[in-house]
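What follows is a single structure, written as C-alpha cells, with notes after it.
Number of protein chains: 2
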Amino acid sequence: MKDEMKDAKAKILLVDDEPDILEIVGYNLKNEGYQVYTAENGEEALKKAKKKRPDLIILDVMMPVMDGIEACEKMRKLPELDGTIITFLTARGEDYSMIAGFDVGADDYITKPVKPRVLVSKVKSLLRRRENEAPSASNIVKLGDLIIDRDQYKIIFKKEEMILPRKEFELLSLLTTKPGKVFKREEILDIVWGNEVIVGGRTIDVHIRKLREKLGDDSFKTVKGVGYKYVK
Amino acid sequence: MKDEMKDAKAKILLVDDEPDILEIVGYNLKNEGYQVYTAENGEEALKKAKKKRPDLIILDVMMPVMDGIEACEKMRKLPELDGTIITFLTARGEDYSMIAGFDVGADDYITKPVKPRVLVSKVKSLLRRRENEAPSASNIVKLGDLIIDRDQYKIIFKKEEMILPRKEFELLSLLTTKPGKVFKREEILDIVWGNEVIVGGRTIDVHIRKLREKLGDDSFKTVKGVGYKYVK
DNA sequence: ATTCATGTTAGCTTTAGGTTAACTCCGTGG
DNA sequence: CCACGGAGTTAACCTAAAGCTAACATGAAT
C-alpha cells in the first residue's frame with residue numbers, strides 16, 4: 101500500500117522524438133499514477149530534467165539535436181540528478197547502443213517495441229530498486245572525543261580524522277555499539293570475523309592492541325576470561 | 101502505526117539561506133507529515149528554535165549573519181533545546197566544516213546535494229534514534245546499595261563502581277539471583293565451576309571471603325553444613 | 001612485477017585470577 | 001577440657017589468558 105503511494109508520486113521523464121511513442125507510453129505510465137513529463141530530444145530533456153528532477157528518465161537513443169547517449173552523459177554530471185535512474189529505449193538489434201548506454205552511466209535499457217504491460221512492470225521494478233538503495237540509518241556514533249562514521253569507514257579522534265584498517269574499524273565499531281558492554285571473544289569472532297572463519301587465539305588481542313595504540317589504552321578494558329569492552 | 105503517529109508530529113527547523121533549498125527540502129519533509137519551520141540565517145534560527153522547540157534542526161553551515169557553527173554552539177547552551185537533535189547540511193567536500201560541526205555538538209551531518217528520499221530516511225532515522233535512546237532493558241539487578249550489571253560485568257556498590265574477577269562475579273551473581281535462598285556448596289560448584297571441574301574444599305570459602313572483603317561481611321551468611329546465602 | 005598495507009600466526013613474556021595447603025578459629029558433644 | 005568438624009584466613013603457588021613482537025601471508029594498487 102505504502103509503496104504504491106510513494107511510487108504513485110514518482111516523476112518520470114520520457115524522451116523520444118516520435119510523438120506516437122510519447123503518447124502511448126506516456127498514457128500507460130500516467131494510468132499507473134506517475135507524473136509524466138516528456139521531451140523530444142536530448143537538449144530539451146536535459147533542461148526538463150534539471151527543472152523537474154525526475155526519479156526516472158526513459159531515454160531514446162536515436163534522436164535529433166542531441167542523442168540519448170550524449171544526453172545521458174551530461175545528465176550524469178548534474179548533481180541534482182544524483183539519485184535519478186536512467187534507462188535507455190533502444191530498438192531491438194541495436195545492441196551496440198545499449199553497450200554505449202551503460203558506458204555513460206545508464207542503469208538499464210528497454211527494447212522497442214515494448215508491450216505496455218512489460219514497460220510498466222519494468223518501471224515499477226526500477227523505482228523499487230532505488231527504494232531499497234536508500235541507506236537509511238545515519239551511521240554515526242559520537243562518544244566523547246571519538247566519532248565513528250560507519251558510512252565512510254572513518255573516525256574522528258580528538259578532532260583528527262583518521263581511517264582505520266578494516267578489521268580494526270569493524271572491531272571498534274562493534275565495541276562501540278554498546279559502550280560499556282563486555283563482548284565475549286566468541287561474540288567478537290562471530291560478528292567481526294564471521295562464524296565460519298577460524299583465526300588463532302591471539303588475533304583479537306593484536307587488533308585490540310592496535311586500537312589501544314591509536315585511541316589510547318584506557319578506552320579498551322579487558323575483562324579476563326570474558327572479553328573486551330569499550331568505555332568512554 | 102504508532103511510530104508514524106509520533107513521527108508525524110515531529111517538529112523540524114530547517115535553516116538555510118537559499119530559498120530553493122528551504123522550499124525543496126521543506127516540501128519533502130512536509131510531505132512526510134512533519135511540521136516544518138524555516139529560517140534563513142543563524143540568528144533567526146536561534147529565535148525560532150527557542151520559540152518552537154523543534155525535535156530536529158537541520159542547519160546549513162554557510163550562512164550570512166550567523167553561520168551554522170556559531171548557531172549550533174549557542175543552541176547547545178540553551179537548556180530548552182536539550183533533547184533536540186542538530187544536524188548540519190554541508191556541501192560535499194567541505195569535510196572540515198563537518199568536523200567543526202561535531203566540535204560544537206552536532207549529532208550528524210548531511211551532504212548536499214541530497215536526494216529527497218535519502219534526506220527523508222535520514223531524518224526518520226535520526227528521530228527514531230532519539231526515540232530509542234532509553235532502551236536497555238538489560239541485565240541489571242538492584243539490591244539495596246548493590247547494583248549488578250551482568251552486561252558490563254561490573255557492580256556498583258554504595259555508588260562506587262567496581263569490577264570483580266570473574267569467579268567472584270559469578271558467585272555473587274548466583275547468590276543474588278535469589279536473595280535469602282541458601283545455595284548448597286554442591287550447587288555453587290555445579291553452577292559457577294561446572295560439574296566437571298573438581299576443586300578443593302576451601303575454594304568457595306576463599307571467594308566468599310573476597311566478596312565479604314569488598315561488599316561487607318554481613319551480606320553473606322554462612323549456613324553451617326549447608327552453604328551460603330546472600331541477604332540485603 | 002613490485003610495493004605497500006593489512007591481516008594472521010607463532011612463540012615468547014607477563015599477569016591476573018584461581019587454587020591449594022597449612023594454619024587458625026569457633027562451637028558442640030563426649 | 002579436649003577433640004572434632006566445619007568454616008575462616010593467609011600467603012604461596014600455579015596456570016590459563018592476555019600482551020607483545022616480529023615474522024610471515026595475503027591481497028590490493030600501481
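Protein sequences appear in the order of chains A and B. Residue numbers for the first sequence follow the working numbering, beginning at 101 and rising by one. Residue numbers for the second sequence follow the working numbering, beginning at 101 and rising by one. Even for Gly, the Cβ is constructed at its ideal location relative to N, Cα and C.
In chain order, what are the residue ranges of uninterrupted beta strand (DSSP E) at least 3 long that sit wholly in the segment 141-204 of chain B? 156-160, 185-191
For Tyr253 of chain B, does the three-state DSSP call read helix, strand or coil? coil
What is the DSSP secondary structure of Lys212 of chain A, reduced to helix, strand or coil? strand
Provide the residue(s) that pair with Lys246 of chain A in DSSP beta bridges, ordered along the chain. Reading off the sequence shown, one finds Leu at residue 246 of chain A, where the question assumed Lys. DSSP, once it has assigned bridges, lists A:Leu243, A:Phe257 as partnering Leu246 of chain A.
Is the Cβ of Arg266 of chain B closer than 9 Å to any Cβ of chain A? yes
DSSP has Ala139 of chain A in a bridge; who is on the other side? The beta-bridge partner set that DSSP reports for Ala139 of chain A consists of A:Val115.
Please look up how many angstroms separate the CB atoms of Leu219 of chain A and Asn128 of chain A, rounded, as I've assumed it's under 8 Å. 6 Å
Against chain B, does Val115 of chain A count as a neighbour if the rule is that its beta carbon must be under 9 Å from one of theirs? Chain B, which has no Cβ nearer than 9 Å to the Cβ of Val115 of chain A, makes this no.
Can you tell me where the beta strand (DSSP E) with Val63 of chain A in it begins and where it stops? The structure shown does not extend to residue 63 of chain A, since chain A is modelled only from 101 through 332, so no value can be given for it.
Ends of the beta strand (DSSP E) at Val282 of chain A? From DSSP, the beta strand (DSSP E) with Val282 of chain A extends over 282-284.
For the candidate residues A:Asp245, A:Gly280, A:Phe188, A:Gly316, whose alpha-carbon lies nearest to that of Val223 of chain A? A:Phe188
Looking at C-alpha atoms only, which residue of B:Asn131, B:Ile121, B:Gly133 is the closest neighbour of Ala139 of chain B? B:Ile121
Kindly say whether Tyr253 of chain B, judged by its beta-carbon, lies nearer than 9 Å to any beta-carbon of chain A. yes
Chain B within 9 Å of Ile240 of chain A, Cβ atoms only: yes
Integer Cβ distance of Leu271 of chain A from Lys329 of chain A, believed to fall under 8 Å: Not quite, the Cβ-Cβ distance comes to about 12 Å (not below 8 Å), so this is no contact.
Who are Gly327 of chain A's beta bridge partners in DSSP? A:Lys284, A:Val323
Find out if the Cβ-Cβ distance for the pair Ile240 of chain A, Asp251 of chain A is shorter than 9 Å. yes
For a quick check, are the C-beta atoms of Leu146 of chain A and Ile186 of chain A less than 9 Å apart? No, they are not a contact pair.
First and last residue of the uninterrupted alpha helix (DSSP H) at Arg309 of chain A: 303-315
Using the Cβ count rule (16 or more neighbours within 10 Å means buried), how would you classify Lys314 of chain B? exposed
Would you say Ile291 of chain B reaches chain A, if we count a Cβ-Cβ gap shorter than 9 Å as a contact? no
Short of 8 Å in beta carbon distance, which residues of its chain neighbour Ile247 of chain B, apart from the five on each side in sequence? Order them along the chain. Ile240, Val241, Ile255, Ile256, Phe257
Need the endpoints of the alpha helix (DSSP H) that Glu132 of chain A sits in, please. No alpha helix (DSSP H) contains Glu132 of chain A, which DSSP labels as neither H nor E.
Cβ of Glu261 of chain A less than 9 Å from any chain B Cβ? yes
If we count the other Cβ atoms within 10 Å of its Cβ and call it buried at 16 or more, is Thr277 of chain B buried or exposed? exposed
Tell me, please, whether the CB atom of Phe257 of chain B is closer than 9 Å to any CB atom in chain A? no
Give me the residue from A:Ala149, A:Pro213, A:Arg285 with the minimum Cα distance to Gly327 of chain A. A:Arg285
In or out: Ser221 of chain A buried (at least 16 other Cβ within 10 Å) or exposed? exposed
Of the residues B:Lys152, B:Arg153, B:Ile169, B:Pro154, the one placed nearest Asp160 of chain B, counting alpha carbons only: B:Ile169
For Tyr253 of chain A, which residues of its own chain have a beta-carbon under 7 Å away from its beta-carbon, when the five flanking residues on both sides are left out? Excluding residues within five positions, the ones whose Cβ falls inside 7 Å are Ile263, Phe269.
Any Cβ of chain A within less than 9 Å of the Cβ of Asp160 of chain B? no
Which residue marks the beginning of the alpha helix (DSSP H) containing Lys109 of chain B, and which one marks its end? 102-109
Answer with buried or exposed for Val292 of chain B, where buried requires no fewer than 16 other C-beta atoms within 10 angstroms of its C-beta. buried
Does any heavy atom of the ligand SAH sit closer than 8 Å to the C-beta of Ile256 of chain A? Of ligands this structure carries none, so the ligand SAH is not represented either.
Mind listing the chain B neighbours of Lys281 of chain A? Cutoff is C-beta to C-beta under 7 Å, in chain order. Asp251, Gln252
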